[in-house]
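S.K.: Chains as they are written, first to last, in the numbering used here: chain A, 1 to 181; chain B, 182 to 362. The beta-carbon is built from N, C-alpha and C at its ideal position, and this holds for glycine as well.
There are 2 protein chains.
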Amino acid sequence: MANEKKIDCVILGLLSHEELTGYEIKKRMDTTLKYFWSASYGSIYPALNDLVNRGLATKRNDTNSKRNKQIYTITENGRDYLKKWLSLPIEKDELRYETLLKLFFGSEKGEEQALIHIEAFEKKIKEELPYLLHAKKILNEKLNEDIAHKYYLLTAEFGIKTYQTYLEWCKEARKFLVGGE
Amino acid sequence: MANEKKIDCVILGLLSHEELTGYEIKKRMDTTLKYFWSASYGSIYPALNDLVNRGLATKRNDTNSKRNKQIYTITENGRDYLKKWLSLPIEKDELRYETLLKLFFGSEKGEEQALIHIEAFEKKIKEELPYLLHAKKILNEKLNEDIAHKYYLLTAEFGIKTYQTYLEWCKEARKFLVGGE
DNA sequence: TGTATATGTATCAGACTGATATATTATACA
DNA sequence: TGTATAATATATCAGTCTGATACATATACA
Numbered sequence: 001m002a003n004e005k006k007i008d009c010v011i012l013g014l015l016s017h018e019e020l021t022g023y024e025i026k027k028r029m030d031t032t033l034k035y036f037w038s039a040s041y042g043s044i045y046p047a048l049n050d051l052v053n054r055g056l057a058t059k060r061n062d063t064n065s066k067r068n069k070q071i072y073t074i075t076e077n078g079r080d081y082l083k084k085w086l087s088l089p090i091e092k093d094e095l096r097y098e099t100l101l102k103l104f105f106g107s108e109k110g111e112e113q114a115l116i117h118i119e120a121f122e123k124k125i126k127e128e129l130p131y132l133l134h135a136k137k138i139l140n141e142k143l144n145e146d147i148a149h150k151y152y153l154l155t156a157e158f159g160i161k162t163y164q165t166y167l168e169w170c171k172e173a174r175k176f177l178v179g180g181e
Numbered sequence: 182m183a184n185e186k187k188i189d190c191v192i193l194g195l196l197s198h199e200e201l202t203g204y205e206i207k208k209r210m211d212t213t214l215k216y217f218w219s220a221s222y223g224s225i226y227p228a229l230n231d232l233v234n235r236g237l238a239t240k241r242n243d244t245n246s247k248r249n250k251q252i253y254t255i256t257e258n259g260r261d262y263l264k265k266w267l268s269l270p271i272e273k274d275e276l277r278y279e280t281l282l283k284l285f286f287g288s289e290k291g292e293e294q295a296l297i298h299i300e301a302f303e304k305k306i307k308e309e310l311p312y313l314l315h316a317k318k319i320l321n322e323k324l325n326e327d328i329a330h331k332y333y334l335l336t337a338e339f340g341i342k343t344y345q346t347y348l349e350w351c352k353e354a355r356k357f358l359v360g361g362e
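What follows is the structure in structure tokens.
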């Protein structure tokens, strides 16, 4: 145990809310989950096959659709597996910010280059923040419709608060770099 | 190009400041850099051999030490390579927080379990924050001793601000989960 | 003297990414 | 109505990196 592959757990987590295709799972990753997790096709599709083989999910061909859609559904075993994983202590929370890495080694290239990276970071955060704010608004309105919304809201709130802090830091960092101190 | 392996760049970044052994590089990763980057022995040692083969670093046996120490030094080519990488736009800033992932799927196990994860997260942040605050103090005192300290300070400040925000979020999240709304 | 901890190098199975290939269907718009 | 473009959908793979482990020596200290 404790050898739960992350990709299996994320997929089961998503399937615990709704039936999905591999493509739809990737979309959820790239929109909703991207603020704190990510996954590639190269891990999603093999994992889906594996989950079916282990009886944690079932696969059926969507006859309604004209496409060759494979719809995946979580099984009771899959739900148990997910619950067990959710009960285990967190193994790792990891930041992997290339911006901070390049800034840390910034003396090699100087202030001008550091400012470029900070401003690019600021721009990206400013672009993404509205999506989080919008999600918060919608989730607050529909808070009673689904128990899961409460948990979604907590993670959205986390993103909003940290992004706002990032923007404050950007401002200070720019000032610090330009104005000596 | 733009095919710079991250591990090569981090190592060259560290070597641009001082000569180091593989073991010391790992220590820097686990102490200073861990707030925004990480690396394992499994990538460090092969990368060091590779850097030497490509002429970006040199290796010499420490004759002073009784141990079989290999000390690595950055070359001029290595410094150029590092500078080039520092000038390239940031490819990816990534958060990988298992805490948020488990919280997002929290409805499956309920509030009690969610609180456990939030409190564990809070505890870890509270333990780590003093190190960042201490680093900030030291860096501020020695700001004039080394140009690099200015850049170290910026990343420490980033960590402090975000960690403080995390703690605020923890407080609110606990309140939100316990007190209905 | 013993033993626990720190220093130091190295390797490997397995997880995951990023890119790419391939094909079909929906949609925009001319 | 035709057609180019975007979106949907699945799949694979070389290469990167982790986490674990193995092994050996040096140092602190009891």
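#1: Tell me Ile255(B)'s beta-bridge partners as DSSP assigns them.
#2: Measure the C-alpha to C-alpha separation of Lys207(B) and Lys34(A) and round it to an integer number of angstroms.
#3: From Asn184(B), Lys331(B), Phe357(B), pick the residue whose C-alpha is nearest to that of Arg295(B); which is it?
#4: In three-state DSSP terms, what is Glu272(B)?
#5: Among Thr73(A), Phe104(A), Asp80(A), Phe36(A), which residue has its Cα nearest to the Cα of Phe339(B)?
#6: With 8 Å as the C-beta to C-beta threshold (strictly closer), list the residues of the region 87-110 of chain A near chain B in chain order.
#7: Whole angstroms is fine: what's the gap from Leu195(B)'s alpha carbon to Leu12(A)'s?
#8: Whole angstroms is fine: what's the gap from Met210(B)'s alpha carbon to Ile71(A)'s?
#9: Using 8 Å as the threshold, is the C-beta distance between Ser43(A) and Ile7(A) below it?
#10: Determine the DSSP secondary structure at Arg277(B), reduced to helix, strand or coil.
#11: Of all the CB atoms in chain B, is at least one closer than 8 Å to the CB of Ile74(A)?
#12: If contact means a Cβ-Cβ distance below 7 Å, which residues of the region 182-211 of chain B contact chain A?
#13: Can you tell me the Cα-Cα spacing of Glu160(A) and Glu205(B), whole angstroms?
#14: Taking Cβ positions only, does Ser221(B) come closer than 8 Å to chain A?
#15: Distance check for Ile319(B) and Asp327(B), CA to CA, integer angstroms please.
#16: I want to verify the contact list: residues of chain A whose CB lies under 8 Å from the CB of Tyr332(B), in sequence order.
#17: Tell me which residues of the region 323-350 of chain B have at least one Cβ-Cβ distance to chain A shorter than 9 Å, keeping chain order.
#18: Taking the alpha carbon of Trp218(B) as the reference point, which residue from Thr99(A), Ser107(A), Ile116(A) has its own alpha carbon closest?
#19: Using the beta-carbon count (16 or more within 10 Å), is Val10(A) buried or exposed?
#20: If we cut at 8 Å on Cβ distances, does Lys137(A) have a partner in chain B?
#21: So, are the CB atoms of Thr336(B) and Thr165(A) less than 8 Å apart?
#22: Would a check of beta-carbon distances place Leu133(A) closer than 8 Å to chain B?
#23: Determine the burial state of Tyr332(B): buried for a count of at least 16 other Cβ atoms within 10 Å of its Cβ, exposed for fewer.
M.R.: In brief:
#1: Ala238(B)
#2: One C-alpha to the other measures close to 29 Å.
#3: Strictly speaking, residue 295(B) in this sequence is Ala, with Arg absent from that position. Cα-wise, what sits closest to Ala295(B) is Phe357(B).
#4: coil
#5: Phe104(A)
#6: Listed in sequence order: Ser87, Pro89, Ile90, Glu91, Lys92, Asp93, Glu94, Leu95, Arg96, Tyr97, Glu98, Thr99, Leu100, Leu101, Lys102, Leu103, Phe104, Phe105, Gly106, Ser107, Glu108, Lys109.
#7: 40 Å
#8: 42 Å
#9: yes
#10: strand
#11: no
#12: Close to chain A, meaning a Cβ-Cβ distance shorter than 7 Å, are the following residues of the region 182-211 of chain B: Val191, Gly194, Ser197.
#13: It should be pointed out that residue 160(A) corresponds to Ile in this sequence rather than to Glu. Rounded to whole angstroms, Ile160(A) and Glu205(B) show a C-alpha spacing of 37 Å.
#14: no
#15: One C-alpha to the other measures close to 12 Å.
#16: Residues of chain A with a Cβ closer than 8 Å to the Cβ of Tyr332(B) are, in chain order, Leu103, Phe104, Phe105, Gly106, Ser107, Ala114.
#17: Leu324, Asp327, Ile328, Ala329, His330, Lys331, Tyr332, Tyr333, Leu334, Leu335, Thr336, Glu338, Phe339, Gly340, Lys342, Thr343, Gln345, Thr346, Tyr347, Glu349, Trp350
#18: Thr99(A)
#19: Buried, because 16 or more other Cβ atoms sit within 10 Å of the Cβ of Val10(A).
#20: no
#21: no
#22: At a cut-off of 8 Å between beta-carbon atoms, Leu133(A) makes no contact with chain B.
#23: buried
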